[in-house]
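Enquirer: Be aware that the sequence shown starts at 40, since it is given in the numbering used here, and climbs by one per residue.
C-beta: ideal position from N, C-alpha, C; glycine also.
Predicted model, so just to flag it, every value in this text is computed and none were measured.
Structure below; questions to follow.
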Amino acid sequence: MQLPTPQQLNSLRLPNTVLYGFEFTGVEPFATATITQNEHNSQHTGVIQGGVLCVLAETLANMAAQLHVNTLKANRYLVLGQSLNTSYLRSAVGVITATAKPLHSGKQTAVYSVEMTDESGELVAVSTFTGGIVKRRA
């Protein structure tokens with residue numbers, strides 16, 4: 040099974056990606072996406088809202104895990120988020136790049152680390168995503 044291109048993922052126009060301005064930028068070797076700061080994702084202090092970074096991390100990690108599961112299990116399973124833990128390290132402004140890397144991919148769970156960096160390459164936040172792998176209902 041061939042992985043979709045970032046352009047194909049962006050054409051899905053998922054609600055969170057459109058609302059907050061996410062753009063998928065890569066799928067191999069790791070899934071990557073960017074968010075550009077705008078009036079819809081910023082808080083009153085002039086930085087990107089932390090909750091938006093959580094949505095970016097979960098969206099990217101879930102997509103990466105789902106693509107991996109699809110290649111192994113012929114699209115018969117879904118990845119459903121079970122937990123997300125995010126640590127904020129510095130203010131997020133401008134363009135933020137997120138990279139999701141697999142830590143574990145088992146029969147029932149997938150765990151991904153998501154690092155979010157600013158335009159200078161400084162780490163602004165890190166998340167750990169755990170998703171349950173469940174069989175699709177017929």
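Any idea which residues DSSP pairs Leu123 with across the strands?
Expert: For the purposes of this step, residue 123 is taken as residue 84 along the sequence shown, with counting starting at 1. In the DSSP output, where bridge partners are listed per residue, Leu123 has Phe168.
Enquirer: Is it buried or exposed for Asn101, if we count other Cβ within 10 angstroms and need 16 for buried?
Expert: To locate residue 101, count along the sequence shown from 1; it is residue 62. So Asn101 counts as buried.
Enquirer: With 16 other CB atoms within 10 Å as the buried threshold, where does Val153 fall?
Expert: Walking along the sequence shown from the start, residue 153 turns up at place 114. Result: buried.
Enquirer: Just to confirm the assignment, what range does the beta strand (DSSP E) spanning Pro211 have?
Expert: The question about residue 211 has no answer, for the chain in this structure spans 40 to 177.
Enquirer: Put Ser17 into one of helix, strand or coil per three-state DSSP.
Expert: Outside the displayed range of the chain (40 to 177) lies residue 17, so it cannot be described from this structure.
Enquirer: Would DSSP call Thr64 helix, strand or coil?
Expert: As a first step, residue 64 is located in the sequence shown; it is residue number 25 there, counting from the start. Note: Thr64 maps to strand in three-state DSSP.
Enquirer: Just curious, the alpha helix (DSSP H) that Ala104 is in, first and last residue?
Expert: Working through the sequence shown from its first residue, we reach residue 104 at position 65. Unbroken alpha helix (DSSP H) run through Ala104: 89-112.
Enquirer: Taking all protein chains shown into account, do 16 or more other C-beta atoms lie within 10 angstroms of the C-beta of Gln105, making it buried, or fewer, making it exposed?
Expert: One-based indexing of the sequence shown puts residue 105 at position 66. Counting Cβ neighbours within 10 Å, Gln105 comes out buried, since at least 16 surround it.
Enquirer: What number of angstroms, rounded off, separates the C-alpha of Thr84 from the C-alpha of Val66?
Expert: Position 45 of the sequence shown, counted from the first residue, corresponds to residue 84. Position 27 of the sequence shown, counted from the first residue, corresponds to residue 66. Taking the straight line from one Cα to the other gives about 33 Å.
Enquirer: Would you mind giving the Cβ-Cβ distance between Pro43 and Thr64, rounded to the nearest angstrom? I have them listed as a contact below 8 Å.
Expert: The residue you call residue 43 lines up with position 4 of the sequence shown. The residue you call residue 64 lines up with position 25 of the sequence shown. About 13 Å separates the two Cβ atoms, so there is no contact after all.
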